[in-house]
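Student: My questions will all concern the structure given below.
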Ligand code: NDP
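In this note's numbering, the protein residues as written are 2 to 310.
See below:
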């Protein structure tokens, strides 16, 4: 039995080496060189095309090569009953935590102001504040979001967190559900979006919701582009209601050259790289999950397709 690897962006040789280190007996095949389809028991894939998984009649496990599973769960041809897992790796959390802390710190310490002033040879003194005077709102308190929230707490910010179900996290004032969203947004001076893309979160950040953020708020987006109405975002930035943004994810990627976000000097654009799956540290989790399904057990970190994440 074998594992098939599919990705247009990840290096198959790195994953082969890491998985063989964790299980030397594992038969690893990089698509399209994958032998008989009947022999495939697991697929490790990033953004496989719709219908891909259907090919393998004895598939026991679908492993999303990353955290966001929106691409898999919207495939209407998924084999019924085959469990889906995602990479769940502390190193991936650390990478997301460091990225989001960098974004938040850059906004908090006014580096954008200094970069814009530097371009005009202008000395722009802004008196520093204590972190406790600044409220950071974290949208999404999942495996990656909770790590980022803990980083903000460690730096001394007042930290709010918003999720679907109630959560208890050290140092974080938590809010749950749609009813609590306006109160959460109204206090989030730096608002960090790290929600999965689901039927409920698609277009969540509308003009009305941006208006609920405090005037001059800063917005960081690293979950999925389609959770944000980009026209509303551009309008909120142009009006000054939002003073700055850092955006890692977009409705269309790569962001088209003509997109108005490129014209806004107060927007930092990064090319969807906040965090990635790391073969060296994720391989053991993949092998352990394969062993679980071979024993007839449920895998760890299972995705709920109906919930969308
Ligand atoms: P998880 O699936 O572990 O957690 C998702 C979080 O979002 C949970 O706290 C969940 O609430 C919350 N949530 C989901 N739906 C809603 C809703 N309708 N209302 C309120 N809260 C909601 O995700 P991760 O933290 O691991 O990752 C988050 C996302 O980050 C991924 O789905 C992916 O899209 C994106 N990502 C981006 C990367 C990048 O490089 N830019 C890299 C990796 C991931 P609850 O806790 O109640 O379930």
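Where a beta carbon is used, it is the ideal one built from N, C-alpha and C, also for glycine.
Taking the alpha helix (DSSP H) that residue 85 belongs to, which residues open and close that run?
Tutor: If you number the chain shown from 1, residue 85 lands on position 84. Not the alpha helix (DSSP H): residue 85 falls in the beta strand (DSSP E), residues 85-87.
Student: Would residue 249 pass as a contact of residue 271 if the rule is Cβ separation under 8 Å?
Tutor: As a working note, residue 249 is residue 248 in the chain shown. As a working note, residue 271 is residue 270 in the chain shown. Cβ distance < 8 Å, so residue 249 and residue 271 count as in contact.
Student: Decide if the segment 143-152 is in contact with the segment 81-94; the criterion is three or more beta carbon pairs, one per stretch, under 8 Å apart.
Tutor: Contact holds: three or more Cβ-Cβ distances are below 8 Å.
Student: Taking DSSP's pairing of strands, which residues face residue 30 in a bridge?
Tutor: Counted from its first residue, the chain shown places residue 30 at position 29. DSSP, once it has assigned bridges, lists 5 as partnering residue 30.
Student: Which partner residues of residue 162 appear in the DSSP bridge assignment?
Tutor: Reading the chain shown from its first residue, position 161 is the one you call residue 162. 139 and 175, per the DSSP bridge assignment.
Student: With which residues is residue 43 paired in a DSSP beta bridge?
Tutor: Within the chain shown, residue 43 is the residue found at index 42, counting from 1. 4 and 62, per the DSSP bridge assignment.
Student: Rounded to whole angstroms, what's the CA-CA distance from residue 78 to residue 39? Just pull it up for me.
Tutor: The count along the chain shown starts at 1 and reaches residue 78 at position 77. The count along the chain shown starts at 1 and reaches residue 39 at position 38. Rounded to the nearest angstrom, the two C-alpha atoms are 18 Å apart.
Student: Quick check: what's the CA-CA separation for residue 294 versus residue 300?
Tutor: Here residue 294 refers to the residue found at position 293 when the chain shown is read from its first residue. Here residue 300 refers to the residue found at position 299 when the chain shown is read from its first residue. Approximately 6 Å between the Cα atoms of the pair.
Student: Would you call the CB atoms of residue 154 and residue 171 closer than 8 Å?
Tutor: Taking the chain shown and counting its residues from 1, one reaches residue 154 at position 153. Taking the chain shown and counting its residues from 1, one reaches residue 171 at position 170. Cβ distance < 8 Å, so residue 154 and residue 171 count as in contact.
Student: For the putative contact between residue 135 and residue 190, defined by C-beta atoms under 8 Å, what is the C-beta separation to the nearest angstrom?
Tutor: The residue given as residue 135 occupies position 134 in the chain shown. The residue given as residue 190 occupies position 189 in the chain shown. With a Cβ gap of about 6 Å, residue 135 and residue 190 count as contacting.
Student: Beta carbon of residue 143: closer than 7 Å to some heavy atom of the ligand NDP?
Tutor: Position 142 of the chain shown, counting from 1, holds the residue named residue 143. Checking every heavy atom of the ligand NDP against the Cβ of residue 143, one is found closer than 7 Å.
Student: For my contact list, residue 228 and residue 202 are in at a C-beta cut-off of 8 Å; report their separation, rounded to the angstrom.
Tutor: The residue given as residue 228 occupies position 227 in the chain shown. The residue given as residue 202 occupies position 201 in the chain shown. Indeed, because the Cβ distance is near 5 Å, the residues count as touching under 8 Å.
Student: Please identify the residue among 115, 70, 28 and 255 whose C-alpha is closest to the C-alpha of residue 125.
Tutor: Locating residue 125 in the chain shown gives position 124, counting from the first residue. Comparing Cα-Cα distances from residue 125 to each of 115, 70, 28 and 255, the minimum goes to 115.
Student: Kindly identify the DSSP beta-bridge partner or partners of residue 218.
Tutor: Here residue 218 refers to the residue found at position 217 of the chain shown. Residue 218 is bridged to 243.
Student: Judging by CA-CA distance, which residue of 231, 247, 197 and 242 is the nearest neighbour of residue 74?
Tutor: As a working mapping, residue 74 is identified with position 73 in the chain shown. Minimum Cα distance to residue 74 is reached at 197.
Student: What three-state label does DSSP hand residue 279 in the structure shown?
Tutor: Indexing the chain shown from 1 puts residue 279 at position 278. Reduced to three states, the DSSP call for residue 279 is coil.
Student: So is residue 274 buried or exposed if we call it buried at 16+ other beta carbons inside 10 Å?
Tutor: For the purposes of this step, residue 274 is identified with residue 273 of the chain shown, where counting begins at 1. By the 16-neighbour rule on beta-carbons within 10 angstroms, residue 274 is exposed.
Student: In angstroms with no decimal places, state the Cα-to-Cα distance between residue 241 and residue 219.
Tutor: For the purposes of this step, residue 241 is taken as residue 240 along the chain shown, with counting starting at 1. For the purposes of this step, residue 219 is taken as residue 218 along the chain shown, with counting starting at 1. Spanning the two alpha carbons is a distance of roughly 10 Å.
Student: So is the beta-carbon of residue 250 under 7 Å away from any non-hydrogen atom of the ligand NDP?
Tutor: Here residue 250 is taken as the residue at index 249 of the chain shown, counted from 1. Answer for residue 250: yes, Cβ within range of the ligand NDP.
Student: By alpha-carbon positions, which one of 101, 286 and 17 ends up nearest to residue 89?
Tutor: Translated into the one-based positions of the chain shown, residue 89 becomes position 88. Closest in alpha carbon position to residue 89, among 101, 286 and 17, is 286.
Student: Are at least three pairs of beta-carbons, each pair with one atom in the segment 231-239 and one in the segment 47-58, less than 8 Å apart?
Tutor: no
Student: Please name the residue, chosen from 133, 44, 50 and 37, that lies closest to residue 76 on a Cα-to-Cα basis.
Tutor: Position 75 of the chain shown, counted from the first residue, corresponds to residue 76. Considering only alpha carbons, the answer is 50.
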